[in-house]
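Residue numbers (the numbering used here): 8 to 347. In this text, a Cβ means the ideal position worked out from N, Cα and C, and glycines have one as well. Only one structure is covered here, and it is reproduced in the block below.
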Ligand SMILES: Cc1cc2nc3c(=O)[nH]c(=O)nc-3n(C[C@H](O)[C@H](O)[C@H](O)COP(=O)(O)OP(=O)(O)OC[C@H]3O[C@@H](n4cnc5c(N)ncnc54)[C@H](O)[C@@H]3O)c2cc1C
């Protein structure tokens, strides 16, 4: 447990008091690696608890995987189920609160998961208050089943900007610098938190981390108000649309093992065509941009600590297709242990 004990500059960890200037230079209490949604949220929880936090990141928030997300609350492509459900529950609550605040980029949005064959709701959908089967009139042509619900939806460029501002308002510092090795960080801060997403594959190194490439298209919104997720396509394809006011995010791909971060024209064309089949208003939609993100795929989220040369190294990565949804739950768990 690490805490300032009410006095800045005095940190205790597992009973050891580390006074300002004692071995760590006391430049910071915590060094967080990564400025995607996991790193920023972890940084906020620790900085708002009174710790001095620096985030060190190879890329600024607006160039991370996180910015490519749709991004609706949902617990897909991630494990282990029991812990994910608890982190997800915390995330749902936190994001719903942010949806009630102006300027966060989060809102409560209604939408549908649909299929051409009978589908059951996911287990985690039990957490949603208004889940119900779709009315036939709510199903596009060719679709025969679906579920309608309301969940938090984040416009990621705005949400990441909000998170960065909130972190800096809490006294946090963000440095754009790549970290070559975790071992080299020993002695720089009593606590290091590794939120490097797919970068953990090389940084840890952790060969169980695999990129799950997601390409999306940003188009002018022709008036679509509800999000739609089509459950039918086989990987690497998935078809979905998430309206964000004047723009709409169209997806997408789930391409496991692919590290390529360049958008591909033929993929974008197929994405738009797939979405236009569901909603004809998207035919000929004005294309405004393309994004690619590498989901940090891993059999299970890695949320655990290990010793690092007299300090402690926390890992918080491997959130697969649910990092936005899990970020507050994971960050709160780490902050609770570190701060008591
Ligand atoms: C197309 C798409 C749609 C998605 N939709 C959803 C959704 O609807 N809902 C949902 O919950 N999730 C969704 N996800 C998943 C979600 O985006 C990810 O799980 C989440 O963004 C992971 O966040 P992260 O902060 O862990 O990693 P990242 O956002 O990848 O951030 C990693 C950070 O670590 C830094 N870093 C890496 N290596 C180093 C290093 N060596 N030195 C310094 N810094 C380093 C990077 O620069 C970056 O700042 C989607 C993902 C994609 C791609």
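Asked, Found
"Three-state class that DSSP yields for residue 321 in the structure shown", "strand"
"Under the three-state DSSP convention, the category residue 174 falls into", "helix"
"Status (buried if at least 16 other CB within 10 Å, exposed otherwise) for residue 237", "buried"
"C-beta contact flag for residue 56 and residue 346 at 8 Å", "yes"
"Supposed contact pair residue 189 and residue 320 - C-beta distance, whole angstroms, cut 8 Å", "6 Å"
"Within the segment 24–89, ranges of the beta strand (DSSP E) (whole runs, at least 3 residues)", "37–40, 60–64"
"Cutoff 7 Å; reference residue 137; Cβ partners in own chain excluding five residues on either side", "156, 157"
"Heavy atom of ligand 1 within 7 Å of residue 79 beta-carbon", "yes"
"Buried versus exposed, by CB contacts within 10 Å (16 or more), residue 117", "exposed"
"Nearest-angstrom Cα separation, counted from residue 161 out to residue 39", "23 Å"
"Cβ neighbour criterion (16 or more within 10 Å) applied to residue 25", "Reliability fails at residue 25, whose pLDDT of 38 lies under 50, so the model's placement of it is uncertain and the value that follows must be treated cautiously. Label assigned to residue 25: buried."
"For residue 127, the three-state DSSP class (helix, strand or coil)", "coil"
"Distance, residue 286 Cα to residue 251 Cα", "16 Å"
"Sequence-distant residues of its chain with Cβ nearer than 6 Å to residue 30 (five each side left out)", "Per-residue confidence for residue 30 stands at a pLDDT of 42, beneath the threshold of 50, marking its modelled position as unreliable; the derived number appears in the next sentence. Here the set comprises nothing."
"Spatial distance of residue 87 from residue 306 (CA atoms)", "8 Å"
"Option nearest residue 261 by Cα separation, candidates 221, 234, 235, 304", "221"
"Sufficient close CB pairs (3 or more, under 8 Å) joining the segment 74–86 to the segment 293–308", "yes"
"Opening and closing residue of the beta strand (DSSP E) in which residue 182 lies", "180–183"
"Span separating the alpha-carbon of residue 255 from that of residue 265", "25 Å"
"Minimum C-alpha distance to residue 214 - residue among 324, 80, 127", "324"
"Cut-off 6 Å between Cβ atoms - residues of its own chain near residue 173, not counting five sequence neighbours on either side", "51"
"Any non-hydrogen atom of ligand 1 within 7 Å of residue 166 CB", "no"
"Coarse secondary structure for residue 237, derived from DSSP in three states", "strand"
"7 Å Cβ shell around residue 316 - same chain, five flanking residues per side excluded", "193, 194"
"Cβ shell of residue 94 (< 6 Å), same chain only, five flanking positions each side left out", "333, 336, 337"
"Outcome for residue 267 when other beta-carbon atoms lying within 10 angstroms are tallied against a minimum of 16", "exposed"
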